[in-house]
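Colleague: Can you read through this structure? Questions will come right after.
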Amino acid sequence: MLKRVFLISLYFLVVAPPLFSDEPHQLEKIVVTPSRLPAQGGFAARSVTIIDGSIPEASIYTSIPDTIGAIGGIDIRRRGPEGVQADINIRGTTFEQNSVLIDGVRVNDPQTGHFNLDLPLTLEDIERIEILKGPASSIYGPNSFGGVINVITKRPEADKVTINSSGGSYDYFDINSSVSSVSGPLTNRFSIEEKRSTGYMPETEFNIFSLSNTSSLKTLFGIYDFFFGFLKKDFGADSFYSNLFSNEEEHTDTRFFKIDGEIEKDNLRIEPKLFLRRHRDKFMLDTNRPGWQTNYHTTYDYGIETNFVFEHPFMDVSYGFEVSRDRIDSTNLQTHKRDNLSLFTELSPKILDDLYLNIGIREDHFSSFGWECSPSVSAGYRLSDQLTVRGSAGRSYRIPTFTDLYYGDSANIGNSALRPESAWSYEAGMDYKIKFLELSATYFHRDTYDTIDWTRPLPTDPWRASNIGSVRTNGFELSLSLKPVNLFGSSPVKNIFFDYTTLDSYNKHDYLSKYALDYLKQHMTAGLEYEFMGFRNSWVINYKKRIGDSGFVVADTRVSKNILDKKGVILEAYLDISNIFDIDYSEQSNVPMPGRWIKSGVKFEF
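Counted from 1, the sequence shown has number 265 at position 279 by this note's numbering; the numbering is strictly sequential.
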């Protein structure tokens, strides 16, 4: 089956273009995360946040987890700085209940969601990040309870060289470079980065190395994109997975390859994709006892997907299929594999100019768990040019990871009898937008069934995976953005933003929960960007309060200035200070995060 579908997709990539094209096209790279269909009238019926623009220049942060953690409702639970390891939780979900994509291709790790943010690219490779909150299994399959993070890579557009180097506290050092070139119809970008530190406390040292290559080929029949990325991490993992062992250590490497394209003819667009992700993990539970409880895991996730989009005056239709396989070879979990066949469709009838309606359904068949059906419906209505109301409902699900099913050591015990978990989610909201102000508000509700969690009766007991039953979650989100420059024409203050999320989850229990019931009850993020005498200054302040604790506030800032900006040559100097008030805090399992961390550097671009 896999071989047959691979050949069909290869046909659409290579053979079919001449049959579908009469004249040259120049397609723009468009990935719309809430739907496979274009939004009618330019508005969506879902809660979507887009981090756009030139991310490397605009962001305070130098890693993807830190960048998206500044968004309200996005709970990034880091066990260390600079993307060493981070879990993503959206709207009170666990780190396993969200999907992470690169250019619309799911890169969730089948071993464990702890590796979902092991993304083999640098900030120089990113055009934008689209964040969809709410269920998305009808589009992307398993895991999409709380939402989707879609990292969209940047197409090389001109000859360009960027070199960035910085250093700071705890012997921190970071150097990265990106080279883009254009040669007729072929464009290419190669990026490389290394960052390292001796750590802010024992067993927190890290060394992270990444490289990526992006190529785009313009033909008479469209643009075809090729991407390869490699990421290697070596880091101390003090108490990362168990408070019973403080001398943990981990080594991972991630490799990801994809090829995709677009074929257009009249009202029909065909979008084939081939992808392969391999992840290796060496984990040592106690470095004081070499060889004891040392595990080696290698996972593979590969497959093909083809999507057809048909645009018609009365209705837009999308349909397609995906065939993929997950496999693990492990000294602890042994060897396992599972195949998945997916069929999906979306319908968007054009009833009124100010009404957007989307109906979707996806059927997934897993060799280990059988069929899962994920329907969804969403609608948005424009009350005026400034105000839109929206609502949606959908079913999502997640199959257990290989760790959930088969892992076992002195601190964690899996359960091969686990059942898939599922949820029905509902939301209603509004979006208000004028020249200088954007305001969004959303209420959401989620009922989760057969919830998978790791639990234990006492702190001295090992964690055990189990289906704990139902969990009910309610929440509210508010987002505000002000751009004074758009109101006054000229202003030193460029942007002010404020995000607030509050939620509650309920499950009757008499045990300790490792993930499902340890949620972020309140999250407030505020930010300010302004310029003064050629200096640019950005602030981000995060307030987080988890269930059962008093909360904490962390503030980060960046000051930068162009020393040279002439004839396409830019030299920028910058100073970053994270946790500027030196707060003691933890985001995951009482693993201490760094105190005040100062970095400075220069960026050279020509």
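Built from N, CA and C at the ideal position, the CB exists for glycine as well.
Check Asn150 in the structure and name its three-state DSSP category.
Modeller: Taking the first residue of the sequence shown as position 1, residue 150 is located at position 164. Three-state result, Asn150: strand.
Colleague: Please name the residue or residues paired with Met301 in a DSSP beta bridge.
Modeller: Residue numbering aside, residue 301 sits at position 315 when the sequence shown is read from its first letter. DSSP lists Pro335 as partners of Met301.
Colleague: Give the straight-line distance between the Cα atoms of Arg92 and Ser225, rounded to the nearest whole angstrom.
Modeller: Along the sequence shown, read from residue 1 onward, the residue named residue 92 stands at position 106. Along the sequence shown, read from residue 1 onward, the residue named residue 225 stands at position 239. The alpha-carbon atoms of Arg92 and Ser225 are separated by roughly 29 Å.
Colleague: Anyone know if the C-beta pair for Ser166 and Asp145 falls short of 8 Å?
Modeller: In the sequence shown, counting from the first residue as 1, residue 166 sits at position 180. In the sequence shown, counting from the first residue as 1, residue 145 sits at position 159. Closer than 8 Å, so yes.
Colleague: Quick one: is Met519 buried, meaning 16 or more other Cβ sit within 10 Å of its Cβ, or exposed?
Modeller: The count along the sequence shown starts at 1 and reaches residue 519 at position 533. Exposed, since its Cβ has fewer than 16 Cβ neighbours within 10 Å.
Colleague: By DSSP's criteria, His100 is part of a beta bridge. Which residues make up the other side?
Modeller: Here the question's residue 100 lines up with position 114 in the sequence shown. Paired residues: none, contrary to the question.
Colleague: Would the beta-carbon of Ile62 fall within 8 Å of that of Gly55?
Modeller: The residue given as residue 62 occupies position 76 in the sequence shown. The residue given as residue 55 occupies position 69 in the sequence shown. Against a cut-off of 8 Å, the Cβ pair of Gly55 and Ile62 comes out as a contact.
Colleague: What residues in its chain sit with their C-beta under 6 Å from that of Asn281, if we drop five residues either side in the sequence?
Modeller: Stepping through the sequence shown from its first residue, residue 281 is reached at position 295. If we look at Asn281 and ignore the five residues flanking it on each side, its Cβ neighbours are Phe269, Thr317 and Asn318.
Colleague: If you run the structure through DSSP and keep just helix, strand and coil, what is Met579?
Modeller: As a first step, residue 579 is located in the sequence shown; it is residue number 593 there, counting from the start. If DSSP states are grouped into helix, strand and coil, Met579 belongs with coil.
Colleague: Could you check what DSSP says for Val471 in three-state terms: helix, strand or coil?
Modeller: In the sequence shown, the residue the question calls residue 471 occupies position 485. The answer is helix: DSSP assigns Val471 an H, G or I state.
Colleague: Use the C-beta contact count for Phe474: other C-beta atoms within 10 angstroms, 16 or more gives buried, fewer gives exposed.
Modeller: Looking up residue 474 in the sequence shown gives position 488. So Phe474 ends up on the exposed side.
Colleague: Near Pro478, which residues of its chain fall below 6 Å by C-beta distance, leaving aside the five closest residues on each side in sequence?
Modeller: Residue mapping note: residue 478 aligns to position 492 of the sequence shown, counting from 1. Within the same chain, Pro478 has close Cβ partners Tyr516, Glu517 and Phe518.
Colleague: According to DSSP, which residues form a beta bridge with Tyr367?
Modeller: In the sequence shown, counting from the first residue as 1, residue 367 sits at position 381. The partner list for Tyr367 (beta bridge, DSSP) reads Leu341 and Val375.
Colleague: Judging by CA-CA distance, which residue of Ser362, Leu498 and Arg450 is the nearest neighbour of Gly400?
Modeller: Here residue 400 refers to the residue found at position 414 of the sequence shown. Nearest of Ser362, Leu498 and Arg450 to Gly400, Cα basis: Arg450.
Colleague: To the nearest angstrom, how far is the alpha carbon of Arg376 from that of Asp340?
Modeller: To locate residue 376, count along the sequence shown from 1; it is residue 390. To locate residue 340, count along the sequence shown from 1; it is residue 354. Going by the C-alpha atoms only, they are around 12 Å apart.
Colleague: Write down every uninterrupted run of the beta strand (DSSP E) in the stretch 499 to 543 whose length is 3 residues or greater and which is fully enclosed by it, in chain order.
Modeller: Listed in chain order, the complete beta strand (DSSP E) runs (minimum 3 residues) inside the stretch 499 to 543 are 506 to 518 and 521 to 532.
Colleague: Is Thr389 helix, strand or coil when you go by DSSP?
Modeller: In the sequence shown, residue 389 corresponds to position 403, counting from 1. Correct three-state label for Thr389: helix.
Colleague: So, with DSSP's three-state summary, where would you put Thr53?
Modeller: Within the sequence shown, numbered from 1, the residue matching residue 53 stands at position 67. Three-state result, Thr53: helix.
Colleague: Do His237 and Asp104 count as a contact pair if the criterion is CB distance below 8 Å?
Modeller: Here the question's residue 104 lines up with position 118 in the sequence shown. Here the question's residue 237 lines up with position 251 in the sequence shown. Contact: no.
Colleague: Report all residues from its chain with a CB closer than 6 Å to the CB of Val577; omit the five preceding and five following residues, and keep chain order.
Modeller: Residue 577 sits at position 591 when you count from the first residue of the sequence shown. Arg65 and Ser225, listed in sequence order.
Colleague: Whole angstroms are fine: how far does the CA of Phe592 sit from the CA of Leu557?
Modeller: Counting from one through the sequence shown, the residue named residue 557 turns up at place 571. Counting from one through the sequence shown, the residue named residue 592 turns up at place 606. Distance between the alpha carbons of Leu557 and Phe592 is about 9 Å.
Colleague: Helix, strand or coil for Glu110, going by three-state DSSP, please let me know.
Modeller: Residue mapping note: residue 110 aligns to position 124 of the sequence shown, counting from 1. Helix at Glu110.
Colleague: Does the distance from the CB of Ile57 to the CB of Ile117 come in under 8 Å?
Modeller: Working through the sequence shown from its first residue, we reach residue 57 at position 71. Working through the sequence shown from its first residue, we reach residue 117 at position 131. Yes, the Cβ-Cβ distance between Ile57 and Ile117 is below 8 Å.
Colleague: For Tyr227, which of helix, strand or coil comes out of DSSP?
Modeller: Within the sequence shown, the letter at position 241 stands for residue 227. Coil.
Colleague: Kindly give me the distance between the Cβ atoms of Ile345 and Leu329, rounded to whole angstroms, as I take these residues to be in contact under 8 Å.
Modeller: Position 359 of the sequence shown, counted from the start, is the residue given in the question as residue 345. Position 343 of the sequence shown, counted from the start, is the residue given in the question as residue 329. With a Cβ gap of about 15 Å, Ile345 and Leu329 do not count as contacting.
Colleague: Residues in its own chain within less than 7 Å of Asp287 by CB, not counting five upstream and five downstream?
Modeller: For the purposes of this step, residue 287 is identified with residue 301 of the sequence shown, where counting begins at 1. The answer, listed in chain order, is Pro96, Arg263, Ser310 and Asp312.
Colleague: Ends of the beta strand (DSSP E) at Ser198?
Modeller: In the sequence shown, counting from the first residue as 1, residue 198 sits at position 212. Looking at the DSSP string, the run of the beta strand (DSSP E) that includes Ser198 is Phe192 to Thr205.
Colleague: Which residue's Cα is closest to the Cα of Ser452: Ala502, Ser467 and Gly513?
Modeller: Position 466 of the sequence shown holds residue 452. Of the candidates Ala502, Ser467 and Gly513, the one whose C-alpha sits nearest the C-alpha of Ser452 is Ala502.
Colleague: Where does Lys553 land, buried or exposed, given buried means 16+ other C-beta within 10 angstroms?
Modeller: By one-based count along the sequence shown, residue 553 stands at place 567. Its Cβ having fewer than 16 others within 10 Å, Lys553 is exposed.
Colleague: Excluding the 5 residues flanking Pro42 on each side, which residues of the same chain have their C-beta closer than 6 Å to its C-beta?
Modeller: As a working note, residue 42 is residue 56 in the sequence shown. Note on Pro42: pLDDT 49, under 50, position unreliable in the model; the coordinate value appears next. Excluding residues within five positions, the ones whose Cβ falls inside 6 Å are Leu109 and Glu110.
Colleague: Does DSSP put Tyr156 in a helix, in a strand, or in coil?
Modeller: Position 170 of the sequence shown, counted from the first residue, corresponds to residue 156. Coil, per DSSP.
Colleague: Please classify Ile46: does DSSP put it in a helix, a strand, or coil?
Modeller: Your numbering for residue 46 matches position 60 in the sequence shown. The answer is coil: DSSP assigns Ile46 none of H, G, I, E or B.
Colleague: Can you list, in chain order, the residues of its chain with a C-beta nearer than 8 Å to that of Ala541? Leave out the 5 residues immediately preceding and following it.
Modeller: Residue numbering aside, residue 541 sits at position 555 when the sequence shown is read from its first letter. So the qualifying residues of the chain are Trp525, Val526, Ile527, Asn528, Asn565, Ile566 and Phe567.
Colleague: Do you know offhand how far Phe216's Cα is from Asn199's?
Modeller: Taking the sequence shown and counting its residues from 1, one reaches residue 216 at position 230. Taking the sequence shown and counting its residues from 1, one reaches residue 199 at position 213. About 9 Å.
Colleague: Kindly list the residues whose CB is nearer than 6 Å to the CB of Phe6, restricted to its own chain and excluding five residues on each side of it in sequence; keep chain order.
Modeller: Locating residue 6 in the sequence shown gives position 20, where the first residue counts as 1. The pLDDT assigned to Phe6 is 34, lower than 50, so where the model puts this residue is not dependable; a value taken from the coordinates is nonetheless given after this. Here the set comprises Ile249 and Lys251.
Colleague: Got a sec? Which residues, its chain only, sit under 8 Å from Ile420 by beta carbon, not counting five neighbours each side?
Modeller: As a first step, residue 420 is located in the sequence shown; it is residue number 434 there, counting from the start. Excluding positions up to five away in sequence, the list reads Gln372.
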